[in-house]
Amino acid sequence: MNVSGVQVRRALPDEWATVRDVRLAALADAPDAFASTLSRELVRTEPQWRSRIRAWPWFLAWRAGVPAGLVAAVPDQPASEPPAATRRGWHLVSMWVSPPARGRGVADLLVGAVLDHAETVGAPRVTLWVALGNARARAFYARMGFTPTGRRQVYPRDGAAALDEEELTRPVRSAAPPRASR
Ligand SMILES: CC(C)(COP(=O)(O)OP(=O)(O)OC[C@H]1O[C@@H](n2cnc3c(N)ncnc32)[C@H](O)[C@@H]1OP(=O)(O)O)[C@@H](O)C(=O)NCCC(=O)NCCS
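Just so you know, the sequence shown maps onto residues 29 to 210 in our numbering.
This is the structure:
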């Protein structure tokens, strides 16, 4: 994958420190965009990060050799279930593009990586939760063909305000606008 000098690829367990650093930067930059919090993720250990990266795919965006974004794809059911269960659907989580890289198609590539992964494992849909107050993310997901499912939730967080969220979804194969349009 390569748009305007940006590469998106799946992170390896040995890249755990990069994934951690980008995730912590995301939580510091946009604390009200995520269910998790900086204080919760700061205390995760190397074995915990490695285990997370092994458990489900994390995709890093690289721009001029510098990490420019992150997204993860989490299956609907526990990883311990048989592979056929992955056909049910995947959640897109931890989506973030660094401020200088925004508006350049990096986010399109990250969503594209999750859609490609879901398609590869035979999942029909990709679903996500977005905060109602996150206008930029909601506009972005709408452009990418995500639509509301009608489900809303107030997600409680330790040490931070609860998040008012809505669920969005799109089929993996869609007639929606192109994923990497820039
Ligand atoms: C959400 C995010 C990944 C999107 O990436 P991006 O590069 O900023 O996205 P784009 O610029 O391609 O698209 C944003 C769209 O919102 C529009 N927009 C920008 N600011 C806006 C605002 N305040 N209100 C409404 N729309 C807005 C842009 O015009 C653009 O629409 P267009 O493509 O039709 O012109 C990125 O902004 C980000 O990392 N935000 C902080 C973390 C976050 O919110 N993550 C999502 C968690 S669910």
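We put the CB at the ideal spot given by N, CA and C, even for glycine.
Taking a 10 Å sphere around the C-beta of S122, we find 16 or more other C-beta atoms and assign the residue as buried. It is roughly 15 Å from the alpha-carbon of A53 to the alpha-carbon of W86. Taking each of W77, A129, F62 and T177 in turn and checking the Cα distance to D42, the smallest one comes out for W77.
Residues of the same chain with a CB within less than 8 Å of the CB of I81, apart from the 5 flanking positions on each side, are A39, L40, P41, E43, W44 and V47 in chain order. Counting only unbroken stretches of 3 or more residues, the beta strand (DSSP E) elements lying wholly within the segment 113 to 152 are 118 to 125, in sequence order. Rounded to the nearest whole angstrom, the C-alpha separation of G150 and A159 is 28 Å. Inter-segment contact for the segment 135 to 143 and the segment 96 to 104 is present: three or more beta-carbon pairs are separated by less than 8 Å. Judged by DSSP in its simplified three-state form, P85 adopts coil rather than helix or strand.
Taking 8 Å as the upper bound for CB-CB distance, A63 and Y183 are in contact here, some 5 Å apart. Residue pairing of T197 in beta bridges, as defined by DSSP: T155 and T175.
Placement of the Cβ of M123 at a distance of less than 6 Å from at least one heavy atom of ligand 1 is found.
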